[in-house]
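Participant: Below is one structure. I have some questions about it.
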Amino acid sequence: NTVYVLNGPNLNLLGMREPDIYGSETLDDIAGMLEDRGRELGLDIDLRQSNHEGHLVDWLHEAQAEGAKAVLLNAGAYTHTSIALLDAIRAIRTPVIEVHLSDPSTREEFRHLSYVGMAAIETVQGFGAQSYSVALDAAAKL
Ligand code: DQA
Numbered sequence: 003n004t005v006y007v008l009n010g011p012n013l014n015l016l017g018m019r020e021p022d023i024y025g026s027e028t029l030d031d032i033a034g035m036l037e038d039r040g041r042e043l044g045l046d047i048d049l050r051q052s053n054h055e056g057h058l059v060d061w062l063h064e065a066q067a068e069g070a071k072a073v074l075l076n077a078g079a080y081t082h083t084s085i086a087l088l089d090a091i092r093a094i095r096t097p098v099i100e101v102h103l104s105d106p107s108t109r110e111e112f113r114h115l116s117y118v119g120m121a122a123i124e125t126v127q128g129f130g131a132q133s134y135s136v137a138l139d140a141a142a143k144l
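Each residue of the sequence shown is one higher than the one before, starting from 3 at the first, in UniProt numbering.
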């Protein structure tokens, strides 16, 4: 019973990257938090990060091939540009929940469009690192 937690560009720098916007927790901190919560929910966490769009596409395909229960996807800036990610989410039956630390809808205009959100079953954004755990709780109920 595995949930894939896929993270896109620049999220490897979480903690030091614009902490006023994204908070001081690192991706490792988030992984630890999700593993703890996952244990309570009976879910294994497979958390990955890449700065390369195609890796995210490959991992979405893999989530389906491996029978993952769900994918939490923070695609970073690819959220707002990637028709390839939109198509990949539509190509698989594995449910995908869109996640963002910040609330892109209150930021620059160019962050208001989300290709990921067009195909995701749900979006959790604006709660900082907690966005991931809210999304994991939602995934557990699927
Ligand atoms: C983000 C929001 C995106 O607009 C931005 O490009 C990111 C992070 C977030 O988690 O708030 O890289 O996905």
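From the three backbone atoms N, C-alpha and C, an ideal C-beta is built for every residue, glycine too. In this text, all values refer to a predicted model and were calculated from it rather than measured experimentally.
1) Going along the chain, which residues of its own chain have a beta-carbon closer than 6 Å to the beta-carbon of Ala-121, five neighbours each way excluded?
2) Find out if the Cβ-Cβ distance for the pair Ala-137, Ile-99 is shorter than 8 Å.
3) Return the CA-CA distance between Glu-68 and Leu-58, expressed in angstroms with no decimal places.
4) What would DSSP say about Glu-42, mapped onto helix, strand or coil?
5) Helix, strand or coil for Ile-94? Go by DSSP, reduced to three states.
Facilitator: Reading off the structure:
1) Here the question's residue 121 lines up with position 119 in the sequence shown. Annotation for Ala-121: Leu-88, Ile-91, Arg-92 place their beta carbon closer than 6 Å to its own, counting only its chain and skipping 5 residues before and after.
2) Locating residue 137 in the sequence shown gives position 135, counting from the first residue. Locating residue 99 in the sequence shown gives position 97, counting from the first residue. Yes. Within cutoff.
3) Numbered from its first residue, the sequence shown carries residue 68 at position 66. Numbered from its first residue, the sequence shown carries residue 58 at position 56. Taking the straight line from one Cα to the other gives about 15 Å.
4) Residue numbering aside, residue 42 sits at position 40 when the sequence shown is read from its first letter. Under the three-state reduction of DSSP, Glu-42 is assigned to helix.
5) Reading the sequence shown from its first residue, position 92 is the one you call residue 94. Looking at Ile-94 - three-state DSSP - the assignment turns out to be coil, as it is neither helix nor strand.
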